[in-house]
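Listed in order, the protein sequences are those of chains W and F. Each residue of the first sequence is one higher than the last, beginning at 146 in the working numbering. Each residue of the second sequence is one higher than the last, beginning at 697 in the working numbering. Ideal Cβ positions, reconstructed from N, Cα and C, are used throughout, including at glycine. Model, not experiment: these values are computed from the prediction. Below you'll find the structure, written out as structure tokens, and then a few comments.
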Amino acid sequence: MSIDPKVVVETAPTPVEDGPAEQASLSRGRLVLRRFLRKRLAIAGLVVLVLLFLLAFLGPYLSPWSYEQKDFESFLSPPSAGHWFGTNQTGADLFAQTLRGMQKSLIIGLLAALIATGVAALVGASAGYFGGWVDRALMWFVDLLLVLPSFLILALLSPQFRGKSWLLFVVLLAGFAWMITSRVVRSMTLSLKEREYVEAARFMGVPAYKIILRHILPNMSSLLIVDATVNVGVAIIGEASLAFFGFGIQPPDISLGTLIAEGSVAFLTDSWLFLFPSGFLVAIVLAVNLIGDGLRDAFDPTSNASRGSH
Amino acid sequence: MLGFLLRRFANYLVLIVIATSFGYLLAASTLNPRAKYDTMQPRPPEASISQTLSNLNMNPADPKLDRLGRWAKGIVTGGDFGKTIDNKPINEEFGRRIWVSLRLLLIGTILGSVVGVAVGAYSAINQYRWSDHTITFLSFVVISIPVFVLAVALKQPAIGFNGLFGTDVLFIQGEYQAGGGGWSGAAILDRIQHLVVPTLSLALGLVAFYSRYQRATMLDVLGSDFLRTARAKGLRRRQALVKHGLRTALIPMMTFFSYQFVLMFVGAIFTEKIFGWHGMGEWFIDAIGKNDINSVGAVVFFSAILVLIAGMLADLAYAALDPRVRAN
Chain W
146 MSIDPKVVVE TAPTPVEDGP AEQASLSRGR LVLRRFLRKR LAIAGLVVLV
196 LLFLLAFLGP YLSPWSYEQK DFESFLSPPS AGHWFGTNQT GADLFAQTLR
246 GMQKSLIIGL LAALIATGVA ALVGASAGYF GGWVDRALMW FVDLLLVLPS
296 FLILALLSPQ FRGKSWLLFV VLLAGFAWMI TSRVVRSMTL SLKEREYVEA
346 ARFMGVPAYK IILRHILPNM SSLLIVDATV NVGVAIIGEA SLAFFGFGIQ
396 PPDISLGTLI AEGSVAFLTD SWLFLFPSGF LVAIVLAVNL IGDGLRDAFD
446 PTSNASRGSH
Chain F
697 MLGFLLRRFA NYLVLIVIAT SFGYLLAAST LNPRAKYDTM QPRPPEASIS
747 QTLSNLNMNP ADPKLDRLGR WAKGIVTGGD FGKTIDNKPI NEEFGRRIWV
797 SLRLLLIGTI LGSVVGVAVG AYSAINQYRW SDHTITFLSF VVISIPVFVL
847 AVALKQPAIG FNGLFGTDVL FIQGEYQAGG GGWSGAAILD RIQHLVVPTL
897 SLALGLVAFY SRYQRATMLD VLGSDFLRTA RAKGLRRRQA LVKHGLRTAL
947 IPMMTFFSYQ FVLMFVGAIF TEKIFGWHGM GEWFIDAIGK NDINSVGAVV
997 FFSAILVLIA GMLADLAYAA LDPRVRAN
């Protein structure tokens, strides 16, 4: 046991009660959930994200066109009853293509963000906590990755993805997205490890990995959650950015990025080609960001959300 | 102290050498400089292609390591980064493009950072009021719009704005009009007309981004004991918030600022491509498109140096602002 009051709350038995007042005996999970449910914007984000997921994966069954079909009777036609989002230069149905692109972008974003933030937290906290040669080695590696211009490297590598799994691309995308956060985590760890409860845990013989996972990382959960959510957006946008210049996800795979890239050329004349994929991309990223913000406030032990107001 | 600095400098040198070599070799193995000549009509004779590429030190027939060695030798002995694939000196490209990028980004970056911090701090102090909710929502909307979508989408209102006046007030292409470019009064006005829309597309994103982080760091500080102490010893709320709150909350932001300001010199790829500015970012992308190995290597070298300078700056700022780090 440590003297961290949060751990006491965490390990305390959880009586089921629904009173309006929050007490120390409420489990941390319930407390977080309860605070989260009060955030109207975050709930809205969650609802929108679920709907977008459903649309992306069930929508293709509603659409009369598949993303691979071409309608040779309507090239570049604006949105209509036959083609809800219109068609592009080759007669492909933009609704079906947008949904297909959303599937890919959603998965890319979630996977890459989890990998990136997880790596950042572990590397940063280990470097800060252990210090010495571990710190030097890890930070040297971080420095090396930081000095490599990621966009250029990914762009140079992207012809190699042709015909290979796009998962490889996700790992690379995440591989270049964690370094700065890990430096922030490291510097926060440096000051956290001097705190009394961490020292107490150390003197009591709690193993290092447990101290990092239970005492150090939870105390920067606000940073990590903000970072993870921002990273979902960063990854989706990162993929789209590479696609804007024809790098990253390669045909025959479709992502929102590849669609936006095609649409941006025609924006001033055939705006629907640009607006629909961009709109959905922004909607996904916005929903994820709102959820993250709600979680941040709900997780943050110093948050005063539980003391009235909203 | 001197030993520490020397060790650090040596380490940086190693990092730059490794990163640049990696970038150069990667470019040399994925790019094909012959492509430019293979598609020419009529196709030049084989011997002449070979000779031209050899003169540029980009002949795929030469071993990559030999080419890297020759390229590195030029840099070490004469600071010469070689030629672009169009046979122009890379050093001149640097000298021209850096300033283009800087002119494009400086105002937007300063504007975005200052306004972003102010908005974030204001938002944190007014946590859960309607102003905070509005700022939060708006900054999330802007953060969620990729810079290239924002930049492309801003063209429409800019054209509409021009329509209101019946004349071109804002320009969305290039740094100045054809034939312009000086620094006379009229030329400066022309530059400003070209700068407004790109600056807006940059600054909006930065304001949104920094206000989120600043709000988070500020909230972490607001509940702290030292702020209560500051109030208890008689400081007014505003004084305490600015002198003790904002300053402390800015410390974690210094990392972001250092990188932001130093990396300004590598340019903004999307803004430059979309608005047609011939800066570093454009070079970055065009070098890949043109299979220009030397330019890719030079860009990697340059951005590696900048990243290291930014990192050093971040550390210095930390030491200057955070007494706890200084004590160590």
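Min CB distance Arg441 (chain W) to chain F below 9 Å: yes
Cβ-based burial, Phe700 (chain F) [other Cβ within 10 Å; buried from 16]: exposed
For Ala266 (chain W) and Ile188 (chain W), the rounded distance between their alpha carbons: 27 Å
Same chain only: Cβ atoms within 8 Å of Leu959 (chain F), ignoring 5 sequence neighbours per side: Ser999, Leu1002, Val1003 and Ala1006
Ile884 (chain F), buried or exposed, once every other Cβ within 10 Å from all chains shown has been counted against 16: exposed
Separation of Leu431 (chain W) from Gly190 (chain W), as counted between CA atoms: 7 Å
Neighbour-count burial assignment, Asn987 (chain F), 16 or more Cβ in a 10 Å radius: buried
Alpha helix (DSSP H) segments (min. 4 residues) lying fully within the stretch 267 to 321 of chain W: 277 to 292, 295 to 302 and 311 to 320
Under the three-state DSSP convention, the category Asp372 (chain W) falls into: helix
Ser225 (chain W) classed as buried or exposed, judged by whether at least 16 other C-beta atoms fall within 10 angstroms: exposed
Beta-ladder partner(s) of Thr232 (chain W), from DSSP: For Thr232 (chain W), which the question treats as bridged, DSSP gives the partners W:Asp238.
Cβ contact check for the stretch 383 to 398 of chain W and the stretch 360 to 373 of chain W: 3 or more pairs under 8 Å: no
Nearest-angstrom Cα separation, counted from Phe867 (chain F) out to Leu802 (chain F): Near 19 Å, if we compare the C-alpha coordinates of Phe867 (chain F) and Leu802 (chain F).
Secondary structure, beta strand (DSSP E): runs of 3+ residues fully inside the stretch 858 to 938 of chain F: none
Cβ shell of Arg766 (chain F) (< 8 Å), same chain only, five flanking positions each side left out: Asn753
Buried versus exposed, by CB contacts within 10 Å (16 or more), Pro1019 (chain F): exposed
Cut-off 6 Å between Cβ atoms - residues of its own chain near Phe306 (chain W), not counting five sequence neighbours on either side: Cβ neighbours of Phe306 (chain W) beyond the five flanking positions: Phe314 and Gln395.
Any C-beta of chain W under 9 Å from that of Lys760 (chain F): no
Reduced DSSP secondary structure (H/G/I, E/B, other) of Lys249 (chain W): In the three-state reduction of the DSSP assignment, Lys249 (chain W) falls in the helix class.
Neighbour list for Pro894 (chain F) in chain W, Cβ cutoff strictly below 7 Å: Result: empty, since nearest Cβ-Cβ is about 16 Å, beyond 7 Å.
Pro853 (chain F) versus F:Val811, F:Trp879, F:Ser897 and F:Gly775, residue with shortest Cα-Cα distance: F:Ser897
Where Tyr955 (chain F) meets chain W, residues with beta-carbon distance less than 8 Å: The CB of Tyr955 (chain F) comes closer than 8 Å to the CB of Ile325 in chain W, given here in chain order.
Contact check, Ser920 (chain F) vs Ser819 (chain F), beta carbons under 9 Å: no
Within chain W, partners of Leu722 (chain F) - CB distance below 8 Å: Ile298, Leu301 and Leu302
Residue-chain proximity (Gly999 (chain F), chain W), Cβ-Cβ < 9 Å: Correcting the residue identity first, residue 999 (chain F) is Ser in this sequence and not Gly. Yes - at least one Cβ of chain W is within 9 Å of the one on Ser999 (chain F).
Neighbourhood of Leu401 (chain W) by C-beta, 7 Å cutoff - its chain only, sequence neighbours within 5 removed: Gly246, Met247, Ser250, Ala385, Pro422, Phe425 and Leu426
Any C-beta of chain F under 9 Å from that of Phe306 (chain W): no
Any chain W beta carbon closer than 9 Å to His829 (chain F): yes
Pro785 (chain F), DSSP secondary structure in three states: strand
Amino acids of chain W, ordered along the chain, whose beta-carbon sits closer than 8 Å to that of Leu1004 (chain F): Asp288 and Val292
Whether Leu749 (chain F) touches Leu721 (chain F) by CB criterion (9 Å): no
Backbone secondary structure at Lys986 (chain F) - three-state DSSP: coil
Closer than 8 Å: Ala380 (chain W) CB and nearest the ligand ATP heavy atom: As presented, the structure is devoid of all ligands, the ligand ATP included, so that no description of it is given.
Per DSSP, cross-strand counterpart(s) of Lys779 (chain F): Per DSSP, the beta-bridge partners of Lys779 (chain F) are F:Pro785.
Contact the stretch 935 to 947 of chain F vs the stretch 958 to 973 of chain F: 3+ CB pairs below 8 Å: no
Proximal chain F residues relative to Leu435 (chain W), where beta-carbon distance stays under 7 Å: Phe836
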